[in-house]
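Notes for the one structure printed next.
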Amino acid sequence: MPVHVLIIEDEEKIARFVELELLHEGYEVTKAGDGRSGLALAESGKFNIVLLDIMLPELNGLEVLRRLRKSSQVPVILLTARDAVMDKVAGLDLGADDYITKPFAIEELLARIRVALKKGAAPAAKPQTLCWGELELNISGHSVTCRGEAVELSHREFELLRILLENKSIVLSRDTLLEKVCGYDFAGETNLIDVYIRHLRNKIDERFGFHMISTVRSVGYVIKEESGG
Ligand code: CA
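Residue numbers (numbering that gives the first Met the number 0): 0 to 228.
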């Protein structure tokens with residue numbers, strides 16, 4: 000079965016260019032030129048992966064993604080404008096698998112498509128729990144609780160917390176965290192990690208009165224052993 004890609008992009012030149020490259024690579028391709036028709040197609044369940052522009056007529060890409068995620072976990076790669084950091088953060092929080100900044104090299108897009116497809120097909124992780132004091136992170140259940148209360152985290156916040164907990168007492172640089180959380184090198188976008196750390200501190204440290212995540216100046220972040228403070 001060929002892999003079927005849905006391109007939701009109103010800029011016909013870009014959509015056509017990507018379509019031709021994907022056809023050349025052996026993918027099947029369907030295009031939609033606005034958010035509303037794109038969402039209807041994406042919800043049909045016929046596609047293996049969706050390339051989703053953010054600035055779209057009818058419904059913008061983030062709204063398409065928000066609605067799509069109510070019924071579908073199809074891999075989504077966002078096509079974003081340069082410097083639209085908040086769009087990227089919002090998109091990843093809404094459940095996008097990845098994003099690529101326009102203008103992009105087609106080889107990079109093809110690589111990201113392959114990674115997103117592989118991730119989507121990966122078997123579920125074994126049940127496992129990571130703890131820090133009264134905080135408990137359940138990997139397979141993708142849930143976090145503290146003192147019996149649920150802590151709601153976005154996918155990327157959860158991944159960041161998981162990686163920090165798996166590497167207790169090891170200081171991880173922003174670049175390393177970025178690569179581990181996002182799967183590969185998002186060079187130059189390390190401020191994304193600062194945004195997610197801020198979210199985690201709001202949702203955990205401030206709420207429960209912890210000092211769990213430490214900043215190591217000019218290096219990165221670490222979660223120390225509970226006893227070590
Ligand atoms: Ca557009």
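All C-beta atoms, glycine included, are put in the ideal place defined by N, C-alpha and C.
Rounding to the nearest angstrom, what Cα-Cα distance links residue i and residue j in this structure?
i                 : j              : result
glutamate 20      : serine 142     : 39 Å
phenylalanine 298 : glutamate 151  : Look at the range of the chain in this structure, 0 to 228, and you will see that residue 298 is not part of it.
glutamine 127     : glutamate 135  : 10 Å
alanine 110       : glutamate 8    : 19 Å
alanine 115       : valine 73      : 10 Å
valine 194        : glutamate 106  : 29 Å
aspartate 52      : leucine 61     : 9 Å
alanine 123       : lysine 117     : Confidence is the limiting factor: at alanine 123 the pLDDT is only 47, short of 50, which leaves the residue's position unreliable, though a coordinate-based value still follows. Each residue's Cα considered, the two are about 12 Å apart.
glutamate 224     : lysine 179     : 21 Å
glycine 208       : arginine 173   : 24 Å
arginine 216      : isoleucine 13  : 42 Å
cysteine 145      : glutamate 10   : 46 Å
asparagine 201    : valine 17      : 40 Å
isoleucine 99     : glycine 34     : 18 Å
threonine 175     : glutamate 205  : 25 Å
proline 56        : isoleucine 6   : 14 Å
glutamate 23      : leucine 108    : The sequence shown places histidine at residue 23, rather than the glutamate named in the question. Cα to Cα, the separation comes out at about 14 Å.
glycine 219       : asparagine 166 : 13 Å
threonine 29      : glutamate 133  : 49 Å
glutamate 188     : lysine 101     : 14 Å
alanine 149       : valine 63      : 27 Å
cysteine 181      : isoleucine 112 : 14 Å
glycine 140       : lysine 87      : 25 Å
leucine 129       : asparagine 137 : 7 Å
isoleucine 196    : leucine 78     : 24 Å
serine 71         : glycine 44     : 8 Å
Just grab the DSSP bridge partners of residue i for me.
i             : result
threonine 175 : Its beta-bridge partners do not exist; DSSP assigns none.
glutamate 27  : His3
threonine 189 : BP columns for threonine 189 are empty, so no partner.
alanine 149   : Thr144
aspartate 52  : Leu78
tyrosine 220  : Leu171 and Thr214
State yes or no: is the C-beta of residue i within less than 8 Å of the C-beta of residue j?
i             : j              : result
valine 4      : tyrosine 26    : yes
leucine 91    : arginine 161   : no
leucine 177   : leucine 191    : yes
methionine 0  : tryptophan 131 : no
leucine 164   : leucine 199    : no
alanine 95    : valine 75      : yes
valine 221    : serine 168     : yes
methionine 54 : alanine 80     : yes
Beta-carbon of residue i versus every beta-carbon of chain D: anything under 8 Å?
i          : result
lysine 117 : Among the chains in the structure shown there is no chain D, since it carries only a single protein chain.
Given 8 Å, three or more beta-carbon pairs between the region 60-75 and the region 29-43: yes
Whole alpha helix (DSSP H) elements within the region 73-145, 4-residue minimum: 84-92 and 105-120
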